[in-house]
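J.: Okay, here's the structure, questions in a sec.
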Amino acid sequence: MRDRWVSYIFRYKDYKKCENAGFIKIMRTSKGNVEQAKVEIGLKLCKPLMCRCRVYFIYDGRELTPMEELLIGPEEKDVISIKKFVNWKGFLKEGCTPKDFDGVLFAVDDGDTLMSLWVDKNIKIQNLQVATTVEEPEDKIDIIPMPEYLKKHEMNEEPKKSIESGREPEDAIEQMLKTGLKLPLFMDSPFKDCIKIVPQDIGKLPMANWKLGQNSFLTHGYYRYKYIMLGKVNYSGQETLVLGVPGVYTNKEKYLANMFGFSLFIPVKKADTKTGCFGYWVWEVMRQ
């Protein structure tokens with residue numbers, strides 16, 4: 006393989022190669038006495054909401070070595086260009102250069118998967134797995150749309166002690182509501198005992214709610230308002246514990262919220278019409 010090459014990126018659906026979705030260019034260069042790899046990436050990603058895209062280099066036909074994590078802005082159009090300089094020797098792994106890798110994979114948190122290969126190998130996405138040598142934060146659940154990696158994490162991930170039994174989740178939730186940063190509410194608001202939380206706090210709730218940590222609509226709301234709401238709401242004569250994504254009611258917002266499972270909007274105060282009101286797109290917290 007030469008010291009510079011261009012490889013096309015393709016989108017994969019149900020693990021099958023589909024349309025072109027960009028390119029990656031790698032070139033050997035130098036800065037002073039240091040040899041570097043100039044990595045240029047162009048991605049065709051137009052998403053309705055802000056989302057994360059994790060970039061992995063594929064090693065030995067199976068192992069995914071993380072390079073970086075990107076934030077893709079909402080409705081960002083055309084080609085998203087990335088330019089990065091990395092040491093040529095010791096490229097992501099000790100003793101390796103870019104020539105030792107087979108390609109690159111992009112895993113978007115909405116399930117979109119893209120891959121580029123510059124070697125003649127029969128590499129299947131469903132057989133790829135993240136390198137076990139990479140340390141991840143304790144409260145981070147890394148979800149990649151690859152069955153073997155998900156299965157591996159499900160077997161090895163130990164539940165946090167705060168969710169080991171039915172009583173302990175209740176105690177943890179009440180403790181959060183008691184000690185968390187309180188949200189100001191109107192006198193006639195249907196909400197009460199509401200606090201500000203961040204997506205990482207979802208890991209303190211019962212396991213059935215953990216998938217919301219990867220929900221793009223919730224993530225988008227958090228980046229816009231810098232918080233997510235956890236609290237209680239009186240709705241249809243019942244008090245319910247909910248997670249709430251802050252927002253202003255519009256038809257477009259309703260369409261996007263429904264796409265990601267947030268079908269109910271509750272304004273923070275009574276109003277004759279919801280349009281233009283501030284409130285929360287709510288999700289009932291699952292207790293088990």
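Following the numbering used here, the numbering of the sequence shown begins with 6 at its first residue and continues without gaps.
Don't be surprised by glycine CBs; every beta carbon is placed ideally from N, CA and C.
Assuming Phe191 and Val287 form a contact by the criterion Cβ under 8 Å, report the distance between their Cβ atoms to the nearest whole angstrom.
T.: The sequence position of residue 191 within the sequence shown is 186, counting from 1. The sequence position of residue 287 within the sequence shown is 282, counting from 1. Going by Cβ atoms, the distance from Phe191 to Val287 rounds to 17 Å, so no, they are not a contact pair.
J.: Based on the DSSP output, what are the partners of Pro272 in its beta bridges?
T.: Along the sequence shown, one-based indexing puts residue 272 at 267. Partner(s): Gly284.
J.: Could you check where the beta strand (DSSP E) with Lys43 kicks off and where it finishes?
T.: Indexing the sequence shown from 1 puts residue 43 at position 38. From DSSP, the beta strand (DSSP E) with Lys43 extends over Val39 to Lys49.
J.: Going by C-alpha distance, which of Val290, Met264, Ala276 and Ser268 is nearest Lys52?
T.: Translated into the one-based positions of the sequence shown, residue 52 becomes position 47. For the residues Val290, Met264, Ala276 and Ser268, the minimum Cα distance to Lys52 belongs to Met264.
J.: What is the residue span of the beta strand (DSSP E) that Glu244 lies within?
T.: Sequence index remark: in the sequence shown, residue 244 carries index 239 (1-based). Counting along the chain, the beta strand (DSSP E) containing Glu244 begins and ends at Gln243 to Val253.
J.: Tell me, to the nearest whole angstrom, how far the beta carbon of Ile271 is from that of Val250; I am working on the premise that it is less than 8 Å.
T.: Counting from one through the sequence shown, the residue named residue 271 turns up at place 266. Counting from one through the sequence shown, the residue named residue 250 turns up at place 245. Contact doesn't hold; Cβ gap of about 11 Å is too wide.
J.: By DSSP, does Ser221 sit in helix, in strand, or in coil?
T.: Within the sequence shown, numbered from 1, the residue matching residue 221 stands at position 216. If DSSP states are grouped into helix, strand and coil, Ser221 belongs with the helices.
J.: Less than 9 Å separating the beta-carbons of Val109 and Arg57?
T.: The residue given as residue 109 occupies position 104 in the sequence shown. The residue given as residue 57 occupies position 52 in the sequence shown. Cβ distance not < 9 Å, so Val109 and Arg57 don't count as in contact.
J.: Return the bridge partner residues of Asn70 from the DSSP annotation.
T.: Along the sequence shown, read from residue 1 onward, the residue named residue 70 stands at position 65. Looking at the sequence provided, one finds Thr at residue 70 rather than Asn. Thr70 is bridged to Phe62.
J.: What's the gap between the Cα of Leu235 and the Cα of Tyr227?
T.: As a first step, residue 235 must be located in the sequence shown, where it is residue number 230. As a first step, residue 227 must be located in the sequence shown, where it is residue number 222. For Leu235 and Tyr227, the distance between alpha carbons rounds to 13 Å.
J.: Please report the distance separating the alpha-carbon of Thr118 from that of Lys183.
T.: Here the question's residue 118 lines up with position 113 in the sequence shown. Here the question's residue 183 lines up with position 178 in the sequence shown. Cα-Cα distance, rounded: 41 Å.
J.: Going by DSSP, which residues form a beta bridge with Phe96?
T.: For the purposes of this step, residue 96 is identified with residue 91 of the sequence shown, where counting begins at 1. For Phe96, which the question treats as bridged, DSSP gives no partner whatsoever.
J.: From this set, Gly208, Cys23, Lys88 and Lys43, which residue's C-alpha is nearest Ser121's C-alpha?
T.: Start at 1 with the first residue of the sequence shown, and residue 121 comes out as number 116. Here the closest residue by C-alpha is Cys23.
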